[in-house]
Amino acid sequence: MSEKNYNKIVGEKGEEIACNYLKNLGWTILERNFRYSRISEIDIIAKDNDTIVFVEVKTRTSASFGHPFEAINKNKLLNIFKAGLSYLQKTKEHYKRYRIDIISVLGKYKPEIEHLKNISLN
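By numbering that gives the first Met the number 0, the letter at position 69 of the sequence shown is numbered 68, and the numbering carries on one by one without gaps.
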């Protein structure tokens with residue numbers, strides 16, 4: 000299996016774990032893999048009470064190459080923000096509250112989940 004295919008499978012598994020985690024919190028999953036442009040995608044769009052949450056999921060089988068959160072930079076957050084605005088326009092939903100969260104899934108057999116809420120673009 001190529002490294003690209005392996006990374007895709009790991010990423011998809013991490014997103015599935017994150018979706019289950021959010022559902023267990025009582026959130027509603029509205030959409031997965033919402034594509035805004037060739038380079039911008041939101042992994043999970045969910046509803047947390049009256050707030051729409053745009054969730055980026057980063058998955059690693061180990062921390063050998065750094066913690067998953069280290070893979071997020073300001074440019075990535077800006078792309079998620081733009082994609083989120085596009086989603087709100089597309090759905091014509093009028094949510095007063097929205098935010099960006101990041102979920103880290105780390106580990107192969109018993110993955111640990113970390114959830115950072117309300118990430119700032121600053």
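Heads up, the beta-carbon is just placed ideally off N, CA and C, and yes, glycines get one too.
Would you check if the segment 51–67 and the segment 88–108 touch, i.e. whether three or more CB-CB distances between them fall below 8 Å?
-> yes
Is it right to say residue 33 is buried, meaning 16 or more other beta carbons lie within 10 angstroms of its own, or is it exposed?
-> Taking the sequence shown and counting its residues from 1, the one referred to as residue 33 is at position 34. Buried.
Stretch pair the segment 62–71 + the segment 80–99: three plus CB contacts closer than 8 Å = no
Got a sec, what are the start and stop residues for the alpha helix (DSSP H) residue 85 sits in?
-> By 1-based counting over the sequence shown, the position of residue 85 is 86. It spans 73–90 - the alpha helix (DSSP H) in which residue 85 sits, taken as one unbroken run.
Of the residues 71, 83 and 56, the one placed nearest residue 35, counting alpha carbons only = Taking the sequence shown and counting its residues from 1, the one referred to as residue 35 is at position 36. Checking every option, the nearest Cα to that of residue 35 belongs to 83.
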